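K.L.:
Just passing along the structure, written as structure tokens.
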Amino acid sequence: MIERDQAIEIARKRAAEKDWAFVEPLNVVVRRSWSGAVSRFEIETNAGNRGTKAHFVIDAKTGEIVSEGYISR
Numbered sequence: 007m008i009e010r011d012q013a014i015e016i017a018r019k020r021a022a023e024k025d026w027a028f029v030e031p032l033n034v035v036v037r038r039s040w041s042g043a044v045s046r047f048e049i050e051t052n053a054g055n056r057g058t059k060a061h062f063v064i065d066a067k068t069g070e071i072v073s074e075g076y077i078s079r
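In case it helps, my numbering puts the sequence shown at residues 7 to 79.
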């Protein structure tokens, strides 16, 4: 099981690999399964602002990136 800070670092590393901007502020949503355990982290960069954004969904159990996307503006 990974923690919130580890999920952010995984997303930051992937953004660097793809030459995507990783702009703060970040919005991190913690999703929980029916049992209450953390199941995934949804991370959005440049949260609440216009402009370049990256979005990542990271599995909390494995640290695997389930989904990713980037909008350059």
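Quick reminder that beta carbons are idealized off the backbone N, C-alpha and C, glycines included.
Just so we're clear, the structure is a prediction, and the values are computed from it rather than from any experiment.
Which same chain residues end up closer than 7 Å to Ala-53 when comparing Cβ atoms and leaving out the 5 residues on each side of it in sequence?
P.N.:
Cβ neighbours of Ala-53 beyond the five flanking positions: Pro-31, Leu-32 and Asn-33.
K.L.:
I need the boundaries of the alpha helix (DSSP H) containing Ala-17, first residue and last residue.
P.N.:
10-23
K.L.:
Check for me: the beta strand (DSSP E) holding Phe-47 runs from which residue to which?
P.N.:
44-50
K.L.:
For Ser-39, collect the residues of the same chain with a Cβ closer than 6 Å to its Cβ; drop the 5 residues on either side in sequence, then sort them by chain order.
P.N.:
Ser-45
K.L.:
If distances are taken between C-alpha atoms only, which option among Gly-57, Ile-64 and Ser-78 comes closest to Lys-19?
P.N.:
Relative to the Cα of Lys-19, the nearest Cα in the group Gly-57, Ile-64 and Ser-78 belongs to Ile-64.
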